[in-house]
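-9 is the number of the first residue of the sequence shown in this note's numbering; add one for each residue after it. Don't be surprised by glycine CBs; every beta carbon is placed ideally from N, CA and C. These notes are about the structure you will find just below.
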Amino acid sequence: MKKVLSIVLALVLVLGLVACGGGGEDTNTDATYKLGLGVSMSLKATDASEDADGNAQQDGTAAAVILDAEGKIVACKIDVAQNKMAFTATGEVLNKDTEFVTKKVKEFDYGMAPVSTLEEGEWFQQIAKFEEYVIGMTADEVAAIETVLSNGHMVPVDEALLAGCTMQITDFQAAIVDACNKAVDCGAGSNLALGIVSDMASSTDASEDADGVAFSTSTYAAYASDDEGVITGAYIDCTQAKIAVTADGKGIAPESVTTKKDLKEAYGMGPVSPLEEGEWYQQIAAFEAYIVGMTADEVGAMELVESNGHMVSTDEALLAGCTMDISDFVAAVAAAI
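Have a look at this one:
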């Protein structure tokens, strides 16, 4: 009897070790996370002259985060859509077919390394240090990272961070806090990707009767995925930066820009949509839900068709909740890194 009892106890012990993963390995597959995307936007304009074109500029700093159950950051990605739109002294907006490349994607072409004091001083290298630094922090802790004014920039005080990131970090902080505050459930996926696509195709020239507009549209897509690359959650938003351009070459930038998702009903798509829930934030929610279970490559391969000047889905299941142009959403997800 004692021998049988000993065998039973041994089996229980072995099974217990297997259930716990053994060897200290974390095999918890029940963990759930939250995904957030935040944007910190700044706009500026310099007037044109007879000798030089003017510049209408958007700097859209986007931060994507994955949070654990305690609100701590387990993954962070940051990029900037720095879109510079030239215009002439007569109010003509130039190069309207430009498709902008983000700071991170430019890598060494951005050109920060030659003027940096760091050995790895290019923008994409410095932002990688900042992304790593905030892992394990909450939104409040990120907001509380101490900065000091140095050569016109608000840089970190902490020598550990300053050793790898000497550029201004306040916009990164603001975007991360925004992302954390907007975080939504994304299942068990803890791999993070962020993509941004931008153009200025909607820009118009000034005339005698009306100002022109240097019009920058940026679409930001963040998604969480599992180890197989399957999307478990998505968060997509868009900004429209409209900087007025006058016929005498002046640029007039608004003080702020609100994202389409944050505008909700104020964006104004609902009244002209055939859908019962046709506002932009409602339609993008339908798109986000639709791509869960797909890979980024599968999203990039989605079949689209032109309808009333817009590239829309051919899938009736998606069209039932999203009839707007989805080409930029598809492109941003496919480009995410």
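- Pairing V323 with V289 gives a Cβ-Cβ distance under 7 Å.
- Here F319 is buried. Its C-beta has 16 or more other C-beta atoms within 10 Å.
- Secondary structure at T92: coil, using DSSP grouped into helix, strand and coil.
- Secondary structure note for F114: its alpha helix (DSSP H) is the uninterrupted segment 113 to 123.
- By alpha-carbon distance to P264, the top candidate from V147, F120, A310, P244 is A310.
- Burial of L182 is indicated by the presence of at least 16 other C-beta atoms within 10 angstroms of its C-beta.
- For the 7 Å CB-CB criterion, F162 and F120 form a contact.
- Taking the Cα of E131 as reference, the smallest distance to any Cα among N141, Y100, F98, V167 is reached at V167.
- In this structure, K67 lies near A54, with their beta-carbon atoms less than 7 Å apart.
- P146 carries a strand assignment under DSSP once its states are collapsed to helix, strand and coil.
- Straight-line measurement puts the Cα of N298 at about 32 Å from the Cα of V70.
- Where Y225 is concerned, there is no enclosing alpha helix (DSSP H), although the beta strand (DSSP E) around it starts and stops at 221 to 235.
- Check the Cα spacing between F205 and each of V147, E136, Q47, S197: the tightest is with Q47.
- Cβ atoms of A276 and C312 come within 8 Å of each other, at about 4 Å.
- Around the C-beta of N73, 16 or more other C-beta atoms lie within 10 Å, and the residue is accordingly described as buried.
- Here Y100 is near W113, since their CB atoms are less than 7 Å apart.
- Note on D287: under 16 other CB atoms within 10 angstroms of its CB, so exposed under the neighbour-count rule.
- One alpha carbon belongs to A178, the other to Y225, and they sit about 15 Å apart.
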